[in-house]
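Trainee: Dropping a structure here in structure tokens format, bear with me for questions.
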Amino acid sequence: MAEDESLTDSSSDPNPNPCPICLAPVTQDSYLDRCFHKFCYNCIIRWIDVVASKQSCASSSLKCPMCKTENFSIIYGYDGTSFQQHYVGKSLGNSEFFSGAHRYRLKCYYTEPGDLADKLHVSRHWKCRKYLQQNHFLLDWLRREIQALMQEEDVDIIVHHILGVIESLRSDWLNNSRISTEMVQNEFRVSVSEAVRPFLTGRTERFVNELELFLASGLNIDAFDRVYIKHLGWKVDEISENDDEEPLEHIPVVSCLYFLDEDSDGN
Ligand SMILES: [Zn+2]
Ligand SMILES: [Zn+2]
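Sequential numbering of the sequence shown, starting at 1, is according to the UniProt record's numbering.
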């Protein structure tokens, strides 16, 4: 019904956020995937070409012309539920490890989760001290999440780092029953954010929210995906297009490996 409302409604402020490359109003909003800086689609595509022409070998990432963050793709054509993605250099989006499930998770990061936190009982997770229980699906969930966000296959170092941070927090909390719910939740958010910010930059806060959702849900990966997708009104088969013979749920075999003792000799 509304036709091109977004294009016409700019009466009061003539040009609030021009494209940093052409300095004109942005045409066809396009975002770099990690720092979220916005450009015209044509401008940033041309920028990639210019940078590539000055390099001796093809690169799969692009330094943002604004903030110098390394980005891997351009997000464009976002219409509220879906978007297009242009990968810098080689097409990582078609790499073997990057499954339909990775694509779906990446898509979630560009979508408002609405009241999913209530639906998955995030506050109860903290109030009822459910965080003291170990989540056996966390390793696999983290791996998929970080792979999707960084568009890199080998993310084990980061995943183990996050697990180590979470387990050492849990061990502290187990030994300190008088710590308040607010302090626990805050400690969790601050510590995990610090651990992932060097890798996830602009997506750190959303990642921590997603991690809270997953932990609070108490669900395995497959069930979590189903609840999530249903909540967003997406189709379930969209996520398994490329790997339909392989179920999304993987039961990890590392249950106790990352549980650190108080006097663990961290590194
Ligand atoms: Zn432009
Ligand atoms: Zn940037």
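The beta carbon of each residue, even a glycine, is placed where N, CA and C say it ideally should be.
All figures in this text were calculated on a predicted structure; none of them were measured in a lab.
With hydrogens ignored, establish whether the beta-carbon of C64 is closer than 6 angstroms to any heavy atom of ligand 1.
Mentor: As a working mapping, residue 64 is identified with position 64 in the sequence shown. Because no heavy atom of ligand 1 lies under 6 angstroms away, the Cβ of C64 does not count as near it: no.
Trainee: Could you tell me which whole alpha helix (DSSP H) segments of length 4 or greater appear in the segment 88-124?
Mentor: Whole alpha helix (DSSP H) segments, 4+ residues: 100-108, 116-119.
Trainee: How is the alpha helix (DSSP H) around F54 delimited, first residue to last?
Mentor: In the sequence shown, residue 54 corresponds to position 54, counting from 1. Here residue 54 is Lys; the residue named in the question, Phe, does not match the sequence. 41-54 is the span of the alpha helix (DSSP H), which, as asked, contains K54.
Trainee: Given this structure, state the Cα-to-Cα distance separating L32 from N176, to the nearest angstrom.
Mentor: If you number the sequence shown from 1, residue 32 lands on position 32. If you number the sequence shown from 1, residue 176 lands on position 176. In a straight line, the C-alpha of L32 is about 43 angstroms away from that of N176.
Trainee: Is the segment 52-68 touching the segment 22-40, taking contact as three or more C-beta pairs under 8 angstroms?
Mentor: Touching, yes.
Trainee: How about C35 and C22: do their beta carbons lie closer than 7 angstroms?
Mentor: Taking the first residue of the sequence shown as 1, we reach residue 35 at position 35. Taking the first residue of the sequence shown as 1, we reach residue 22 at position 22. No; because the gap between Cβ atoms is not below 7 angstroms, this pair is not in contact.
Trainee: Could you check which residue in L120, W173, G89, E96 has the C-alpha nearest to that of S53?
Mentor: Indexing the sequence shown from 1 puts residue 53 at position 53. Of L120, W173, G89, E96, the residue nearest in Cα terms is G89.
Trainee: Just verifying my parser: in three-state terms, what is the DSSP assignment at E70?
Mentor: Position 70 of the sequence shown, counted from the start, is the residue given in the question as residue 70. The answer is strand: DSSP assigns E70 an E or B state.
Trainee: Which class does Q147 belong to by DSSP, given the choice of helix, strand or coil?
Mentor: On the sequence shown, position 147 is the one that residue 147 refers to. Helix at Q147.
Trainee: Within 10 Å of its beta-carbon, does E182 have 16 or more other beta-carbons around it, so buried, or fewer, so exposed?
Mentor: To locate residue 182, count along the sequence shown from 1; it is residue 182. Its Cβ having fewer than 16 others within 10 Å, E182 is exposed.
Trainee: Are three or more beta carbon pairs between the segment 145-165 and the segment 126-134 nearer than 8 angstroms?
Mentor: No, the segment 145-165 is not in contact with the segment 126-134.
Trainee: What do you get for I157, buried or exposed, if any count of 16 or more other CB atoms within 10 angstroms of its CB means buried?
Mentor: Looking up residue 157 in the sequence shown gives position 157. Under this definition I157 is an exposed residue.
Trainee: Please report whether the beta-carbon of S191 lies at a distance below 7 angstroms from any beta-carbon of chain C.
Mentor: Considering every chain present, this structure includes no chain C. It has just one protein chain.
Trainee: What three-state label does DSSP hand I75 in the structure shown?
Mentor: Here residue 75 is taken as the residue at index 75 of the sequence shown, counted from 1. DSSP places I75 in strand when its eight states are reduced to three.
Trainee: Using three-state DSSP, classify S180 as helix, strand or coil.
Mentor: Walking along the sequence shown from the start, residue 180 turns up at place 180. Correct three-state label for S180: coil.
Trainee: Take I229 as the anchor and find which of E205, L116, G202, L142 has the nearest alpha-carbon.
Mentor: Here residue 229 is taken as the residue at index 229 of the sequence shown, counted from 1. With distances taken between Cα atoms, I229 lies closest to L116.
Trainee: When every heavy atom of ligand 2 is checked, does at least one fall within less than 6 angstroms of the C-beta of H37?
Mentor: Within the sequence shown, the letter at position 37 stands for residue 37. Checking the Cβ of H37 against ligand 2 gives yes.
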